[in-house]
């Protein structure tokens, strides 16, 4: 695939869709429009917080919150929950500092994280790549009790990240715009990467009681304590989340091809690794 022939049109598409997502929808049309969309893609409206007409734009509806108790967290102090909804497209260990993007394609962890120090801290750890389609809930949460140490916004392309594109575009996730979130857990460093996609450029960090559009590199001083399930960030439309645990710290509960929802078990944390890190 010739990337030079598609990047420019893709940027125009992203701008057009982003513009449309920010346009105010008349209140009387919000319920019908969002209902038609949800039926078309398979999104669940019974989980939406508040009435549909409370979402003034399509972008606001896409980044909707869940109603209280819609997603109980999987039990057990040793369970790291999925930070988001989606399809697990790759899962395994970051051996030799590389991750699987798709069958036959691998890419460098350091390129994805754009930070060799963080890459070294999680090299050899378990990871899962989760693709969020338009049907999915689009907020990202802490998989376990952590401290938010900081985050880095990495500019890049906005190529589609569907499994079809992941199969054919080399280093797709490391090419795209992304938000790298650095977390400190009892087991060590956890990296969560929100990868932008076509029409997805509004990456927002949720830290404590503030929401801030991601820009540059931010160090949280002091780090912000987050409980398992607390919101970390969100983005619009469809995209991908990559979670990488410290080496030896987690045993995945999922494999490629599984569908998972926020709050379900993603991995089991190993007690001995938690003790070593503490």
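In the numbering used here, the protein residues as written are 87 to 364. Backbone N, C-alpha and C define an ideal beta-carbon position, used for all residues, glycine too.
Contact check for residue 167 against residue 345 fails: the beta carbons are separated by 8 Å or more. Classified as exposed, residue 311 has fewer than 16 neighbouring CB atoms from the shown chains inside 10 Å of its CB. The criterion of a C-beta distance shorter than 8 Å is not satisfied by residue 196 and residue 188.
In this structure, residue 220 lies away from residue 134, with their beta-carbon atoms at least 8 Å apart. Counting along the chain, the unbroken alpha helix (DSSP H) around residue 120 starts and ends at 113 to 127. When C-beta atoms of the segment 291 to 308 are compared with those of the segment 328 to 338, fewer than three pairs fall below 8 Å, so the two segments do not count as touching. Sequence-distant partners of residue 124 (beyond 5 residues in either direction) whose C-beta falls short of 7 Å from its own C-beta, in its chain, are 131.
A Cβ-Cβ separation of about 10 Å leaves residue 247 out of contact with residue 327 under the 8 Å criterion. When the five nearest sequence neighbours on each side are left out, the beta carbons in the same chain lying within less than 7 Å of the beta carbon of residue 180 are those of 195, 208, 209, 210, 211, 213, 330, in order along the chain.
Within 10 angstroms of the beta-carbon of residue 349 lie 16 or more other beta-carbons, which makes it buried.
Taking every protein chain shown into account, the CB of residue 235 has 16 or more other CB atoms within 10 angstroms, so this residue is buried.
With fewer than 16 other beta carbons inside 10 angstroms of its own, residue 203 counts as exposed.
With fewer than 16 other Cβ atoms from the protein chains shown falling within 10 Å of its own Cβ, residue 110 counts as exposed. Within its own chain, the residues whose Cβ lies closer than 6 Å to the Cβ of residue 138, once the five positions on either side in sequence are excluded, are 116, 117, 120, listed in chain order.
Per DSSP, the beta bridge partners of residue 143 are 110. Assigned with DSSP and collapsed to three states, residue 308 falls in strand.
Between the C-alpha atoms of residue 259 and residue 159 there is a straight-line separation of about 28 Å. Boundaries for residue 223: no alpha helix (DSSP H) harbours it, and the DSSP string shows neither H nor E there. In this structure residue 224 does not touch residue 300 by the C-beta definition: roughly 15 Å separates them, more than the 8 Å allowed.
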